[in-house]
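In the UniProt record's numbering, the protein residues as written are 1 to 259.
All C-beta atoms in this analysis are idealised placements derived from N, C-alpha and C, irrespective of residue type, glycine included.
Step one of this worksheet: look at the structure below.
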Ligand code: DGL
């Protein structure tokens with residue numbers, strides 16, 4: 001049986017790559033809902049329809065677990081998904097807690113980069129309220145990073161000016177931790193790190209999500225049975241085009257080196 005990994009686009013491959021490293025004896029279905037990307041710029045109710053469409057498709061394909069490898073989809077729909085499907089469902093949310101734990105004692109701040117919808121959602125606000133007792137957490141939407149990633153544009157000449165413009169209002173020396181709260185953003189982790197002082201730590205939730213999945217499947221005695229095969233889908237259509245598949249493989253290799 002397969003593990004399904006779902007995102008609006010290629011961002012979930014940051015999570016897929018961590019899972020593959022941790023669980024090499026699994027097969028995967030990777031579903032990118034490219035017909036409806038960007039999720040982060042759409043109303044929650046509209047997104048829920050797309051997410052349920054994608055998950056209906058995946059559960060019809062012999063899967064043993066679903067990883068919602070998208071912070072935006074997790075914040076919009078994870079509770080509803082768990083109510084409606086009986087397979088294990090693992091989500092991802094911005095790693096605010098470890099960030100506050102590491103930056104607060106050093107009297108530093110935390111910058112959370114995510115999509116507009118994630119930062120607007122109640123789930124995020126509840127998380128911050130629970131953890132951020134000294135008001136050190138600041139949000140920053142970065143919608144264009146999703147666009148760059150989807151265009152496979154990893155060129156610093158395009159990315160850096162955008163980052164600089166977005167970061168311009170912040171005193172970067174004050175930030176101890178930067179949270180990449182959108183699965184597309186770790187693709188640019190090295191470029192983002194370069195914008196901050198050396199001591200600033202840039203973190204994301206991909207490894208934690210992979211570990212969570214592993215623990216869940218181990219507890220159910222459902223690990224193994226595969227060899228790392230990935231079948232890719234774009235909004236319900238199998239990706240067969242060699243050029244696209246080669247780009248995906250290159251991205252997974254790049255991520256293997258970054259993460
Ligand atoms: N990759 C998604 C996330 O983790 C969102 C990208 C989008 O806006 O579709 O939030």
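Please state the DSSP three-state secondary structure of residue i.
i: residue 40; result: helix
i: residue 14; result: helix
i: residue 139; result: strand
i: residue 162; result: helix
i: residue 72; result: helix
i: residue 154; result: coil
i: residue 259; result: coil
i: residue 85; result: coil
i: residue 34; result: coil
i: residue 209; result: helix
i: residue 49; result: helix
i: residue 189; result: helix
i: residue 125; result: helix
i: residue 98; result: helix
i: residue 170; result: coil
i: residue 222; result: coil
Where DSSP assigns a beta bridge to residue i, which residues make up the other side?
i: residue 201; result: 177
i: residue 67; result: 5 and 90
i: residue 109; result: 175
i: residue 29; result: 4 and 231
i: residue 114; result: 141
i: residue 59; result: According to DSSP, residue 59 bridges with nothing at all.
i: residue 313; result: Residue numbering for the chain in the displayed model covers 1 to 259; residue 313 lies beyond these limits and cannot be assessed.
For the ligand DGL, is there any heavy atom lying closer than 8 Å to the beta carbon of residue i?
i: residue 86; result: no
i: residue 117; result: yes
i: residue 30; result: no
i: residue 7; result: yes
i: residue 71; result: yes
i: residue 41; result: yes
i: residue 183; result: yes
i: residue 187; result: no
i: residue 146; result: yes
i: residue 192; result: no
i: residue 143; result: yes
i: residue 114; result: yes
i: residue 139; result: no
i: residue 261; result: Because the chain here runs from 1 to 259, residue 261 falls outside it and cannot be looked at.
i: residue 203; result: no
i: residue 78; result: no
i: residue 266; result: Because the chain here runs from 1 to 259, residue 266 falls outside it and cannot be looked at.
i: residue 98; result: no
i: residue 159; result: no
i: residue 37; result: yes
i: residue 176; result: no
i: residue 11; result: yes
Rounded to the nearest angstrom, how far is the Cβ of residue i from that of residue j, given a contact under 8 Å?
i: residue 61; j: residue 81; result: About 16 Å; that fails the 8 Å criterion.
i: residue 15; j: residue 89; result: Incorrect: roughly 13 Å between the Cβ atoms, too far for contact.
i: residue 10; j: residue 149; result: 6 Å
i: residue 69; j: residue 183; result: 5 Å
i: residue 111; j: residue 140; result: 6 Å
Answer with yes or no whether the minimum CB distance from residue i to chain C is below 9 Å.
i: residue 220; result: The displayed structure is made up of one protein chain only, and chain C is not part of it.
> Is the region 33–42 in contact with the region 105–117, if contact means three or more CB pairs nearer than 8 Å?
Replying inline: yes
> Okay, do the region 63–71 and the region 203–223 touch, 3+ Cβ pairs below 8 Å being the bar?
Replying inline: yes
>> Could you check whether the region 46–62 touches the region 245–258, counting it as contact only if at least three pairs of C-beta atoms, one from each stretch, sit closer than 8 Å?
In response: no
>> Can you confirm whether the region 167–185 touches the region 201–210 when touching is taken to mean that 3 or more C-beta pairs between the two stretches lie within less than 8 Å?
In response: yes
> Three or more beta-carbon pairs under 8 Å between the region 219–228 and the region 125–140, yes or no?
Replying inline: no
> Within the chosen definition, does the region 120–131 reach the region 147–154 through at least 3 CB pairs nearer than 8 Å?
Replying inline: no
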